[in-house]
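Residue numbering for the sequence shown follows the working numbering, starting at 82 and increasing by one per position.
Think of the CB as a built atom: it goes at the ideal place given N, C-alpha and C, for glycine as much as any other residue.
Computed from a prediction, not measured in an experiment: that's the story for all the values here.
Since the structure comes first, as structure tokens, the remarks are kept for the end.
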Amino acid sequence: MTFISYAKNFEDVMLWRALKHVGSGFYVDAGAAWSDEHSVTKAFYERDWCGINIEPNPILHVQLEQQRPKGINVCLAVSDHDVTQAMNLMACTGLSTLNDDIAQEDRRRGWSVDPRQLTVTSLDAIWRQHVPDDQDVHFLKIGVEGSEAAALQGLNLHEFRPWIVVVESTLSLSQVEPHAVWEPVLLNAEYLLAYADEFNRYHVAKAHDELLPVFRDPLNVFDGFKLATELSAETRVQQAQAHAQQMEAGARKEIQRAEATRAERDTVRASWSWCITGPLQFGGVC
């Protein structure tokens, strides 16, 4: 079965490399955004994985509720403490942020920003409430638009040990990488940097350092994946071809019907002509 990648920067392909030996795994996605487009977890969900989708945008949360009924979908923002705070929502995007400076920059770029009061909690609290005691979390993905440090500080990584932690390493809509602010939290909790691609940084728990070699090489043809957008385009082409074939078949039937009608008409005309001219030619009676 070809692996279909939905993620923005092939995060799902890289994670699948490391975790495809796991049967039905479990994930936590902080900043889940869409249920399909740019989703790091959709490909895993399609393979009977399950997990927690944390998304503060109510519109995207409803979509997750509808499209991920087996998952645990929570409409919250994450930080290092519990509070009710203004969340800068950005319509149907994954760019909603608690960071007012980032929101202001997004306004300057022309985005519509809608501040709304929202419940903010810690990953610790979500973990305790929703992750069973005996459940391994195979990966934690964090993409919270400028709140990565607070999100990590709000999780006791000495108690809760996801195998892999992948954190978006650039500021919103930029190539600025502020990972020096939050990466020490992971390093001090005995996580090892496995891979960095200028968009995300992947860390592996020391207890699972056997996974490190799979992160050695960048994505390549041997990963054998197909983009969801490519699959969608192929589907549209196939649908267009099927429609064209139906139209062609219909046109052939119309041509055959017209030819049959013409032949029938010619037969009738010929029979009347014979009735009129035959007796004159042979002295017979029609």
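Check the Cα spacing between D110 and each of V103, G104, I336, A158: the tightest is with A158.
With a beta-carbon spacing of about 4 Å, Q148 and S116 fall inside the 8 Å limit used to define contacts.
Checking the DSSP bridge columns, you'll see T178 partnered with N169. Just so you know, the alpha carbons of H119 and A88 end up roughly 4 Å apart. Taking the CA atoms as reference points, R188 sits about 29 Å from T310. With a threshold of 16 other beta carbon atoms within 10 Å, A113 meets it and is buried. The closest CA to that of W192, considering only T174, I207, W208, L199, is found on T174.
Per DSSP, reduced to three states, the secondary structure at V159 is strand. Within the same chain, and ignoring the five residues on either side of D290 in sequence, the residues whose Cβ sits closer than 7 Å to its Cβ are L273.
Taking a contact as a CB-CB distance under 8 Å, the pair L292 and A124 does not count as one, their CB atoms being some 18 Å apart. Following the DSSP letters along the chain, one finds V201 inside the beta strand (DSSP E) bounded by residues 195-203. Note: R297 is not bridge-paired with any residue in the DSSP secondary-structure output.
Taking a contact as a CB-CB distance under 8 Å, the pair M168 and R197 counts as one, their CB atoms being some 6 Å apart.
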